[in-house]
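As structure tokens, the structure follows; a few thoughts come after it.
In the working numbering, the protein residues as written are 1 to 259.
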């Protein structure tokens, strides 16, 4: 009886030990599973964060499968498509032409800056006075960088007495005057609503006609120079022939003396 109870107690203790071992293994297994799941979640979170912050790179070759990730290329303007506008080929010394603004609207070029109509214009420049047939003279000028409504061509006498004025349209760059005497001052003034330009050395010129005597003197000088050059050439040829004749005579005399 006593032996049976000892066997029973031993069996019961062995079962308790086995149940305790299984419990410990179950607890450890659960802990390992939880640790594995936690590490897996942390790893996937870190990987997704790195992928989100990492810049996208284009594959080195081949076609791309994901067209949504590729941004459309931006077209940059080339030299053939875009070029800086150039300065307008507007000659301010040529008359009866359109304004520079008209040329700018037609070609897209750039016009030089002009002072406004509220400011008196700058003086015209490059004024020339040339003699024409008879007693007529032609006055030519270039337009200033200002808004001009018209021009005034004036003639002053030697005593600075105003002789006459001639009003000319804004598109004109030349005018013909009659009965202008030598030594008179011819000036061109630009006019707009703000006033008149000042006179200076570029907008005024003293008329000095080319007389017939001066033209004849020039012709005589040219003829005299040509005649003088011809005389020098003739004298040089004569001297050369004279020296050559002397040398041939001397050689002939020497040969006769030897014989």
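C-beta: ideal position from N, C-alpha, C; glycine also. In this text the structure is predicted, and so the values were computed from the model without any measurement.
- Close CB contacts of residue 129 within its chain, under the 7 Å cut and outside five residues either way in sequence, are with 137, 139, 186, 205 and 207 (chain order).
- The continuous beta strand (DSSP E) containing residue 187 extends over residues 185 to 192.
- Cβ neighbours of residue 87 within its own chain (closer than 7 Å, five residues either side excluded): 109 and 110.
- The bridge partners DSSP lists for residue 152 are 167 and 189.
- For residue 224, the three-state secondary structure derived from DSSP is helix.
- Counting only the Cα atoms, residue 209 lies some 23 Å from residue 168.
- In the DSSP assignment, residue 142 forms a beta bridge with 125.
- Taking the Cβ atoms as the reference, residue 141 lies roughly 4 Å from residue 124, within the contact range of under 8 Å.
- Under DSSP, residue 130 forms a beta bridge with 138.
- Annotated three-state conformation of residue 106 is helix, per DSSP.
- For residue 206, the uninterrupted beta strand (DSSP E) run begins and ends at 204 to 206, by DSSP.
- In the structure shown, residue 114 falls within a coil segment according to DSSP collapsed to helix, strand and coil.
- The three-state secondary structure of residue 147, taken from DSSP, is coil.
- Under DSSP, the beta-bridge partners assigned to residue 196 are 191.
- Going by DSSP, residue 177 is part of the beta strand (DSSP E) stretching over 174 to 178.
- The C-alpha of residue 119 is placed about 19 Å away from the C-alpha of residue 99.
- Short of 8 Å from the beta carbon of residue 171, and not among the five residues preceding or following it, lie these beta carbons of its own chain, in chain order: 95, 96 and 97.
- Annotated as distal: residue 115 and residue 152, with beta-carbon spacing of 9 Å or more.
- Residue 105 counts as exposed, since fewer than 16 other C-beta atoms from the protein chains shown sit within 10 angstroms of its C-beta.
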